[in-house]
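> So that we are looking at the same thing, I have put the structure below in structure tokens.
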């Protein structure tokens, strides 16, 4: 039987999580409970469309099997507040090992303080440059079934996401090395509307390492 080739899914995108609060709670707000850092977060709800699409992409691409009882591994580069990785760790009866990497230590602080980000034996948060993490992982022979790239510049430009470092041939080669044979890389692509054509440049370095590239067009950043 022919094995499905490794593939790359490109996403273009347009309150990340929901608070577990009853209506009566809002009516009873006072000085003792006004601190929102103590409110409970519903990690099973993801508000952002693009984040939902990236999560769904891991499964409809068959990179991850929702019915599997074997441990599967996912790598997220660009954790932010931890919305995607937190959701993945809430899926019941799914032994999913999730590693989230971000180069900004402030993201871990925000995630743990405001979004109840919690590490477990199957949920790892690593503060490190994503390019360096992948380089070391490739050298060590580490493998992941699904990889999400969600790293962006902190300023507006023709191509906002991903950052240019993740379009370098050496980096893409290392990404291919750490992906399992049937694995999938999902890349979030964001551009300004007038530079929509810039999204096509993301394909170029990946073509040499991934036989299958699929694009899902959602929306783009408006000026």
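In this note's numbering, the protein residues as written are 232 to 454.
Where a beta carbon is used, it is the ideal one built from N, C-alpha and C, also for glycine.
Every value quoted in this text rests on a predicted model; they were computed, and no experiment measured them.
Name the DSSP beta bridge partners of residue 411, please?
Your numbering for residue 411 matches position 180 in the chain shown. Answer is none; residue 411 lacks a bridge partner.
> So if DSSP puts residue 354 in a beta bridge, which residue, or which two residues, is it bridged to?
Within the chain shown, the letter at position 123 stands for residue 354. Residue 354 is bridged to 329, 351.
> Which runs of the beta strand (DSSP E) spanning at least 3 residues fall entirely within the segment 287 to 344, listed in chain order?
The segment 287 to 344 contains these whole beta strand (DSSP E) runs: 303 to 308, 327 to 333.
> What do you get for residue 467, buried or exposed, if any count of 16 or more other CB atoms within 10 angstroms of its CB means buried?
There is simply no residue 467 to check, as the chain begins at 232 and stops at 454 in what is shown.
> Run through the segment 358 to 398 for me and flag every whole beta strand (DSSP E) of 3 or more residues, listed as ranges in chain order.
List check, beta strand (DSSP E) in window: 375 to 380, 390 to 392.
> Considering only the alpha carbon of each residue, which of 389, 331, 279 lies closest to residue 352?
In the chain shown, residue 352 corresponds to position 121, counting from 1. Checking every option, the nearest Cα to that of residue 352 belongs to 331.
> Taking three-plus beta-carbon pairs below 8 Å as touching, is the segment 277 to 285 in contact with the segment 334 to 347?
The segment 277 to 285 is not in contact with the segment 334 to 347.
> Between residue 313 and residue 380, is the Cβ-Cβ spacing less than 8 Å?
Working through the chain shown from its first residue, we reach residue 313 at position 82. Working through the chain shown from its first residue, we reach residue 380 at position 149. Cβ atoms of residue 313 and residue 380: not closer than 8 Å.
> By alpha-carbon positions, which one of 421, 422, 382 ends up nearest to residue 460?
Coverage of the chain is limited to positions 232 through 454, which leaves residue 460 absent and any answer about it impossible.
> With a cut-off of 8 Å, do at least 3 Cβ pairs link the segment 388 to 408 to the segment 424 to 444?
At 8 Å Cβ cutoff, the stretches touch.
> Take residue 270 as the anchor and find which of 347, 276, 293, 316 has the nearest alpha-carbon.
As a working mapping, residue 270 is identified with position 39 in the chain shown. When each option's Cα is compared against that of residue 270, the closest is 347.
> Buried or exposed for residue 337, going by 16 or more other Cβ atoms inside 10 Å?
On the chain shown, position 106 is the one that residue 337 refers to. It is exposed - the Cβ of residue 337 has fewer than 16 other Cβ atoms within 10 Å.
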